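Reading the sequence shown from the start, the letters are residues 15 to 496 in this note's numbering.
No residue lacks a Cβ here, since even glycine has one placed at the ideal position from N, Cα and C.
Every value quoted in this text rests on a predicted model; they were computed, and no experiment measured them.
Have a look at the structure below before the remarks.
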Amino acid sequence: MSLSSSTGAPRSPMILSPIGPAFGDTHVQRNRGDTRFLQRDSSSGGGSGGSGRAGMTSLVRPVPSETVREGPARAHSSSPPARCRNPEWHGQPQPPPHSLLHQQLQEYRRVSAQEAPCIEPESSQMDLKEQRAWDLARAAGVVDRGCRLIWVTATSRMARGCRQDDGGGSGGGWSSRRGEIVSWECLQESLMEHLREGTKTTRNWDDPIILPHGRVVDTPQLEFIRGILRRGQEAVAKARWGATGDECTEVGGDGRDDFVSVEAFANFSQWWAPLMATLGIIRNDWATTRPVRVHGFMSRVASKRLLMQRECGTFLLRFSESRMGALVISFTQPSVSVSRLSRISRCLVPFISCAGRLACCLQGSPINPRIVLQQFQLRSGRRSLSVKHSLVEVKWGGRCCIQAEKGGMRCYGSLHDFVRQIPELKKLYPDIPKEEAFGETPRSPPATASAPGAARRDELVAEIESLVKGKMSAWKNRDKPQ
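In C-alpha cells form, the structure reads like this:
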C-alpha cells in the first residue's frame, strides 16, 4: 500500500526541487504573480495533513496583476494561499513611487467622479422609504438623478429630525406623507452639500487656488435660492388649485411656507441641474473669493441697486433667473441723455465764466469755471447711468459666448478672455480693476473632465424643454373633446 492510501491524503502533484520543499516551483510561480486556475486542495483548512477531503478540485480566481513581495521561505503546501482564496482581503493599492504623479492621478480621478453624471443608486443601497421618495421624485418630473438624491437626502434628514423629536413638533402629519413634502431647512442642507461637492476646485498651476476647497453661500444668496423655489410653489399652486398672486400651499399651518412639495422641487430642479453643470466648468472662478469673481445667486434688482452706486464700467457676474444654466453680466454704462448733458454744459460755459468774474468783483474770491463744470458733469453723470444685463453662455471647454448687438454670437476662449477683451468692462464690483481680478487666462481642465459636464447640461436642457412642451400641449388639449 502506498503512503497516500494509508494516510488518506493524496500525493502532492507539485514537483519538489532538489534542495527542499520550501523552494518548489509553486512558490516561485506565486512570487512571479502567476497563479494556477485549477489547484488540488488537500484539506479544507489549507494544511498538508491527511484530514482533508482527498481529490477535491477548487476554483481559485487568478490575480495576475498582483505582485507578491519576496519574503522568507515558507513550508510547501498544495493549497492556495489565503490572499488567492479571498481577494477581498487584499490591502489598499500602494501609491506610485513618484509623489507628484500620484497626486495628479488622484486629482484626475476626483474630477472625473465629479463630472460624471450621478449614477442611480441600487435598490439594495436604499431602504423602502428612501426608494419611495426616489420614485415620487422621478414621477413628479425630476429629470436629473443628482436632484433626486437631493430629495432623498432631505427626506432622510427630516425623518431623523422627527425621530429625535419623538414624532412631535410642527410635522403637520409628515410621517404619513413622507417623500411628498419636506421642510426648507432640510432641503437647504441637502442643496448646500450638493453645491459643495459639485464645485470643489481643481488644481491649476496658473491660478492662486492650490488646495481643493468650496465656497460657502451666505444668507442673501440663500434667500435668492428660496425665492426661485417659491416661484415654483406658486406655479404648482396656480396649476393645481387656480391660486393667483402670492397664494401658496402651506402645510405647517403656522403662517410660513416652510414645507416644499415634490412638485415644487421638480419645477426648481429644472433651474438647478443646468446651473450645477455650468458651475462645474467655472468652478475655480466660482470658488475665488479674494476677490469675488462670480457673485452668483443675486437678483436683477439687487445687482442694479449695487451697481448704481458705482462709476461707469463697473460690472459683476451673476446667475440667470430665467435662462437655464446661463450667466448674466451686469454693468453700468452712460445713458442716452449724456450727449445732451455735454451739449448743455458747453452752452453754460460763457454764463459760468461771467458769473465767476462777477463773484470775483463782489466778494474777492475767484471761481474757476472748469471746476464748476466738472462738478456739474460728475453729479449729473451719476444720475444718468444705466445698468445693462447681457446673457453669457458657457460652452464646452470653458468657452463663453455673448449675443452681439448686430445679431449672432461672439465667442471667447474663456471667462477671463471675455472680461478682458470687452472695453465697456473696466472694474469688477466694487472697484477692482479687471486686469487684477481676471489676470492671465488659466489653463482650462482637460477636455475629458470638462466635456461630460457641458454635454450633460445640454442633455438636461433638452429633456426639460421637451417635458415642458409636453405638459403645455396636454394642458391646452385638456378641454377638447376626444
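Environment of residue i [buried if 16+ CB atoms lie within 10 Å]
{"i": "D141", "result": "exposed"}
{"i": "M423", "result": "exposed"}
{"i": "P288", "result": "buried"}
{"i": "E449", "result": "exposed"}
{"i": "T233", "result": "exposed"}
{"i": "T303", "result": "exposed"}
{"i": "E248", "result": "buried"}
{"i": "R174", "result": "exposed"}
{"i": "G246", "result": "buried"}
{"i": "Q284", "result": "buried"}
{"i": "E144", "result": "buried"}
{"i": "V230", "result": "exposed"}
{"i": "A291", "result": "buried"}
{"i": "C299", "result": "The sequence shown places Asp at residue 299, rather than the Cys named in the question. It is buried - the Cβ of D299 has at least 16 other Cβ atoms within 10 Å."}
For residue i, the three-state DSSP class (helix, strand or coil)
{"i": "R174", "result": "helix"}
{"i": "T302", "result": "coil"}
{"i": "E407", "result": "strand"}
{"i": "R159", "result": "helix"}
{"i": "I446", "result": "strand"}
{"i": "F238", "result": "helix"}
{"i": "G453", "result": "coil"}
{"i": "K252", "result": "helix"}
{"i": "Q43", "result": "Unreliable placement is indicated for Q43, whose pLDDT of 43 sits below 50; no coordinate value is reported for it."}
Boundaries (first-last residue) of the alpha helix (DSSP H) holding residue i
{"i": "T328", "result": "Careful: T328 lies outside any alpha helix (DSSP H), inside the beta strand (DSSP E) at 328-333."}
{"i": "F432", "result": "429-435"}
{"i": "R314", "result": "314-321"}
Residues that DSSP places opposite residue i in a beta bridge
{"i": "M423", "result": "Q417"}
{"i": "R192", "result": "I195"}
{"i": "P348", "result": "L399"}
{"i": "I343", "result": "L331, S404"}
{"i": "K143", "result": "Answer by DSSP bridge pairing: none, since K143 is not bridged."}
{"i": "G310", "result": "R332"}
{"i": "K440", "result": "Answer is none; K440 lacks a bridge partner."}
Which listed residue (the options) has its alpha carbon closest to that of residue i
{"i": "D278", "options": "I436, A251, Q347", "result": "The sequence given here places Ala at residue 278; Asp does not occur at that position. It is A251."}
{"i": "I343", "options": "M290, R314, R324", "result": "R314"}
{"i": "F273", "options": "T167, L243, V166, S334", "result": "L243"}
{"i": "C414", "options": "G427, P447, Q323", "result": "G427"}
{"i": "K318", "options": "L330, A291, S275", "result": "L330"}
{"i": "A280", "options": "R162, G327, G212", "result": "R162"}
{"i": "R332", "options": "A316, M322, I295, S170", "result": "A316"}
{"i": "L205", "options": "A154, R240, T346", "result": "R240"}
{"i": "S400", "options": "R192, K409, R324", "result": "R324"}
{"i": "H309", "options": "L341, Q139, R254", "result": "L341"}
{"i": "E335", "options": "W286, V166, Q202, W198", "result": "W286"}
{"i": "E438", "options": "Q347, F452, T213, A147", "result": "Q347"}
Range covered by the beta strand (DSSP E) that runs through residue i
{"i": "F279", "result": "Counting along the chain, F279 falls outside any beta strand (DSSP E), though it belongs to the alpha helix (DSSP H) covering 276-295."}
Cβ-heavy atom distance, residue i to the ligand GDP, below 6 angstroms
{"i": "V433", "result": "Among the components of this structure there are no ligands whatsoever, and the ligand GDP is therefore not found."}
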